[in-house]
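Enquirer:
There are 2 protein chains.
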Amino acid sequence: MAVNLHDAANELEKAIRQSDEYKQLQQLYNDVNADPAAKSMFDNFRQLQMNLQQKQMMGSEISEQEIQQAQATVALVQQNEKISRLMQAEQRMSMIIGELNQIIMKPLEELYGNL
Amino acid sequence: MAVNLHDAANELEKAIRQSDEYKQLQQLYNDVNADPAAKSMFDNFRQLQMNLQQKQMMGSEISEQEIQQAQATVALVQQNEKISRLMQAEQRMSMIIGELNQIIMKPLEELYGNL
Chain A
1 MAVNLHDAAN ELEKAIRQSD EYKQLQQLYN DVNADPAAKS MFDNFRQLQM NLQQKQMMGS
61 EISEQEIQQA QATVALVQQN EKISRLMQAE QRMSMIIGEL NQIIMKPLEE LYGNL
Chain B
116 MAVNLHDAAN ELEKAIRQSD EYKQLQQLYN DVNADPAAKS MFDNFRQLQM NLQQKQMMGS
176 EISEQEIQQA QATVALVQQN EKISRLMQAE QRMSMIIGEL NQIIMKPLEE LYGNL
């Protein structure tokens, strides 16, 4: 890979790392980690989420019951204020990453759009 | 989104656009586009590929026959030199995008790894 591509990616990495949104996400992660009850609740939630994603990727059917269980778990963990704030920060960060990707992928989109 | 994040993403977009790999990809796309036989072959291949990807995302089963048909189509289109060169350039570009993503996603990986 050419040096300037590498450098530009490193600059963007640094900008993400230094962004308010990332620092806040980091702080909120630490808050959850430092609270054993919140951490255990959040770990369980993450595990459930990963199991469902794995099923989805494997093309396995996800039952109505599993969807309801997942929704109930989301509702439960969001009652914990630390987790709820962390999840909101994750959502903001994921939107930013999406916007960055849209910018970066413009050259390729232009190509594919023309064919 | 903060201005410096936006600027850094734009710089990376520019670096991609100005990279030799992107310019070559663009040239090879144009070569295929300018050759009606190659273009029609490549369009068919793209359509087949998208149909399979869509099936996969929907969690539909892909039959042994469909896999064999896809493999036969790949083997066929690769015999066209313009298409074969384009596909190799696409692979190189896709590897570069993967490497760039790995760099950019480091801050988030560090977070998720710690929880």
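Chains A and B, in that order, give the protein sequences. For the first sequence, this note's numbering begins at 1 and goes up steadily by one. For the second sequence, this note's numbering begins at 116 and goes up steadily by one. For glycine and all other residues, C-beta sits at the position ideal for the given N, C-alpha and C. Quantities reported herein were computed from a predicted structural model and do not represent experimental measurements.
#1: Just verifying my parser: in three-state terms, what is the DSSP assignment at Leu-230(B)?
#2: Around the C-beta of Gln-96(A), are 16 or more other C-beta atoms found within 10 angstroms, so that it is buried, or is it exposed?
#3: List the residues of chain A whose Cβ lies closer than 7 Å to the Cβ of Ser-134(B), in chain order.
#4: I'd like to know if Asn-166(B) contacts chain A, where contact means its C-beta is closer than 8 Å to some C-beta of that chain.
#5: Within 8 Å of any Cβ in chain A, is that where the Cβ of Pro-222(B) sits?
#6: So the alpha helix (DSSP H) Met-116(B) belongs to, where does it begin and stop?
#7: Express the C-alpha separation of Glu-205(B) and Leu-108(A) in angstroms, rounding to a whole number.
#8: Using 10 angstroms around the beta-carbon of Lys-23(A), count the other beta-carbons present and answer buried if the total reaches 16, otherwise exposed.
#9: Just the chain A side, please: which residues come within less than 7 Å of Ala-123(B) by C-beta, in chain order?
#10: Applying a beta-carbon distance threshold of less than 7 Å, which residues of chain A neighbour Leu-163(B)?
#11: List the residues of chain B whose Cβ lies closer than 9 Å to the Cβ of Glu-99(A), in chain order.
#12: So, is Met-172(B) buried or exposed, given that buried needs 16 or more other C-beta atoms within 10 angstroms?
#13: Going by C-alpha to C-alpha distance, which of Ala-2(A), Lys-14(A), Lys-55(A) sits closest to Lys-221(B)?
#14: What whole-angstrom Cβ distance do Ala-123(B) and Glu-11(A) have, given they're in contact under 8 Å?
#15: Between the Cα of Asp-35(A) and the Cα atoms of Leu-76(A), Met-93(A), Ile-83(A), which residue gives the shortest distance?
Expert: Working from what's here:
#1: For Leu-230(B), the pLDDT reaches just 43, beneath the cut-off of 50, and the residue's location in the model is therefore unreliable, although a value from the coordinates is still provided. Here Leu-230(B) sits in coil by DSSP.
#2: According to the sequence displayed, residue 96(A) carries Ile and not Gln. Buried is the call here.
#3: Ala-2, Leu-5
#4: no
#5: With respect to chain A, the C-beta atom of Pro-222(B) has a partner C-beta closer than 8 Å.
#6: From DSSP, Met-116(B) is part of no alpha helix (DSSP H); its letter is neither H nor E.
#7: In a straight line, the C-alpha of Leu-108(A) is about 10 Å away from that of Glu-205(B).
#8: With a 10 Å radius around the Cβ and a threshold of 16 neighbouring Cβ atoms, Lys-23(A) comes out exposed.
#9: Glu-11, Leu-12, Ala-15
#10: By Cβ distance, chain A contributes nothing, its closest Cβ being about 15 Å from Leu-163(B), past 7 Å.
#11: Met-116, Leu-120, His-121, Ala-124
#12: With fewer than 16 Cβ atoms within 10 Å of its Cβ, Met-172(B) is classed as exposed.
#13: Residue Lys-14(A) is the option with its Cα nearest to Lys-221(B).
#14: Rounded to whole angstroms, the Cβ separation of Ala-123(B) and Glu-11(A) is 5 Å, and the two are in contact under 8 Å.
#15: Ile-83(A)
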